[in-house]
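For reference, each letter of the sequence shown is one residue, going 184 to 601 in the working numbering.
Backbone N, C-alpha and C define an ideal beta-carbon position, used for all residues, glycine too.
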Amino acid sequence: MKVVLGVAGGIAAYKACTLLRLLTEAGHDVTVVPTASALRFVGEATWAALSGRPVHTDVWSDITEVPHVRIGQEADLVVVAPATADLLARAATGQADDLLTTVLLTARCPVVMAPAMHTEMYEHPATQANISTLTERGVHVVPPASGRLTGKDSGPGRLPEPQELFEVCRRELERGAAPAHTDRPAAARPLAGRRVVVTAGGTREPLDPVRYLGNRSSGKQGHALAAVAAARGAQVVLVTTVELAASAGVEVVSVETALEMEHAVLQAAQDADVVVMAAAVADFRPAEVAAHKIKKTHGSGTDGAPDTSAPDVSLVRNPDILAGLVAARGEDSAPVVVGFAAETGDDSGTVLDHGRAKLARKGCDVLVVNEVGSGRAFGTDDNTVHVLRQGSEDTLEVGPATKTEVSEAVWDVVADLL
Ligand code: CTP
């Protein structure tokens, strides 16, 4: 396939070299179109050597070949990574002041853009408006990752890893002929006008002022679900226990315990169209929270000697937030409720058997089942899931895929239900 790799002038341009490698190794014919400022980060010789093709930034080179028209017209996919704030602005306003922007105007194939910049620039209403415009025209905008940026600061704005971008490209190429800005606009923002609530992370149930009962959930899947919903036009409330940065436009409610999460979710769910419970909610909490740190030697025995036995911790049940949401629904069955289940197979059944039983028991509309154990799912960036729907025997298998891709698949299923 003919792929155009557009590279704008950001520090993440170096990651585009790996993306280029992945694309050429997959057998694609890649033309790299950097902007002039991209060449200040990675030089022409690198792009030419890695792609095996000449590299130009302006429309005046090889003028007899009319490259600014031909490259775009012939492409099966255009991917811009990194897409800087400036490039997004020029693309959104239809400027044609260099080769990359003219290619974007002449392309009739799917277009993927991966914004990467400082958090302030990404969150600025001007950049967000440009992203909305591009998304409405059918461009697949990949939400930036969160984490360490060029300096000491961190937040949303990092270019996702090349492998993740490669997977997005592979899927767009498979999807094929649906061109940007012609018949895709409605499909690009299927959640426009929808209110969604997403929970993320594991709850922490305090034992005393320094200790808690917790679990291994990293919150990455929930944060990815929120980012994809926002990119698809939804109004998103993210109820989370972790401090991962959230993407722009996502309203974050920070909580710690299951009870705090329940309160926040019930409040946000009042006018929501969808609630996705990706959080790992503790089923039990300590019956009592000690006001002071529990000491190794606690109190004294009957003989007055220090008591060195281990203290007993009694637990009480936490509310099942998801089951409560399902039970509280009226005749219109709103909101759509999506559950997540981390399962391991055992003597009584496979991961899928447990998933089906849980879907029936919980009564939610969709259950996303992932297999955990042996280093799978918790804290990793990749995930394999089975998506089960109430009233359907079919199972949608997704993965191994990034948590962003899993999120995209989940929102595809939810959009169908809406
Ligand atoms: N959940 C919830 N409230 C709880 C426990 C779980 O809302 N107190 C939600 C989770 O967010 C998840 C779904 O229920 O979306 C399934 O969670 P899971 O822990 O797998 O279910 P349990 O009912 O606790 O079943 P198990 O006995 O397997 O732990």
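Cβ neighbours of residue i in the same chain (closer than 7 Å, five flanking residues each side left out)
i      : result
Gly330 : Ser337 and Arg341
Arg223 : Gly192
Val476 : Correcting the residue identity first, residue 476 is Lys in this sequence and not Val. Closer than 7 Å at Cβ, skipping near neighbours: Asp391, Pro392 and Val393.
Val568 : Val551, Val552, Asn553, Val581, Gly582 and Val589
His301 : Leu332 and Gly340
Gly528 : Val534
Inter-residue spacing [alpha-carbon to alpha-carbon] between residue i and residue j
i      : j      : result
Val379 : Thr267 : 28 Å
Thr333 : Gln573 : 45 Å
Asp281 : Asp595 : 36 Å
Thr424 : Pro339 : 18 Å
Ala369 : Val597 : Low confidence applies here, because Ala369 scores a pLDDT of 48, under 50, leaving its location unreliable and the question unanswered by this model.
Tyr197 : Gly546 : 48 Å
Ala506 : Met460 : 11 Å
Arg367 : Arg291 : Residue placement at Arg367 is poorly supported in this model, since its pLDDT is 45, which falls under 50; the coordinates still yield a value, given next. Roughly 11 Å separates the two Cα atoms.
Glu439 : Glu357 : 42 Å
Leu270 : Gly432 : 21 Å
Pro250 : Thr289 : 10 Å
Ala441 : Ser400 : 14 Å
Ala540 : Val464 : 19 Å
Asp495 : Ala297 : 52 Å
Val324 : Cys200 : 20 Å
Val520 : Arg354 : 27 Å
Glu576 : Val570 : 11 Å
Asn566 : Glu303 : 30 Å
Assigned exposure category for residue i - 16 Cβ within 10 Å defines buried
i      : result
Thr365 : Because Thr365 sits at a pLDDT of 46, beneath the cut-off of 50, its placement in the model cannot be relied upon, and the point is left open.
Gly255 : buried
Ala361 : With a pLDDT of only 48 at Ala361, under the threshold of 50, the placement of this residue in the model should not be trusted, and no figure is reported.
Val393 : exposed
Ala363 : For Ala363, the pLDDT reaches just 46, beneath the cut-off of 50, and the residue's location in the model is therefore unreliable, leaving the point undetermined.
Thr276 : exposed
Ile504 : buried
Gln453 : exposed
Ala470 : exposed
Trp230 : buried
Thr218 : buried
Pro489 : exposed
Leu498 : exposed
Val190 : buried
Lys403 : buried
Glu426 : exposed
Glu526 : buried
Asp530 : exposed
Own chain residues within Cβ distance below 6 Å of residue i, not counting five before or after
i      : result
Leu601 : none
Pro502 : Glu445
Phe523 : Ala461 and Val551
Val419 : Val379, Ala409, Ala412, Ala413 and Val433
Asp245 : none
Asn313 : Leu271, Ala272 and Ala275
Gln278 : Thr284
Ala592 : Val581
Glu347 : Thr585
His211 : Met184 and Val186
CB contact check: residue i to chain B, cutoff 9 Å
i      : result
Val425 : In the displayed structure, chain B is absent; only one protein chain is listed.
heavy atom of the ligand MN below 8 Å from residue i C-beta
i      : result
Glu554 : Absence of the ligand MN is noted for the structure shown, with the ligand CTP being the only ligands found.
Close beta carbons around residue i, own chain, < 8 Å, minus the five adjacent residues each side
i      : result
Glu350 : Ala584, Thr585 and Glu588
Ala429 : Ser329, Pro339, His406, Ala409, Ala410, Leu421, Thr423 and Val435
Glu257 : Lys185
Ser234 : Leu188, Leu203, Thr207, Val213, Thr214 and Val215
Ala195 : Ala264, Pro265, Ala299, Arg341 and Leu342
Residue i: CB within 8 Å of a non-hydrogen atom of the ligand CTP
i      : result
Lys586 : no
Asp336 : no
Pro502 : yes
Glu388 : no
Thr310 : no
Lys541 : yes
Asp536 : no
Thr382 : yes
Leu283 : no
Val464 : yes
Phe349 : no
Glu526 : yes
Leu396 : no
Lys403 : no
Leu449 : no
Lys545 : yes
Ala510 : no
Gly532 : no
Met460 : yes
Leu421 : no
Gly255 : no
Ala409 : no
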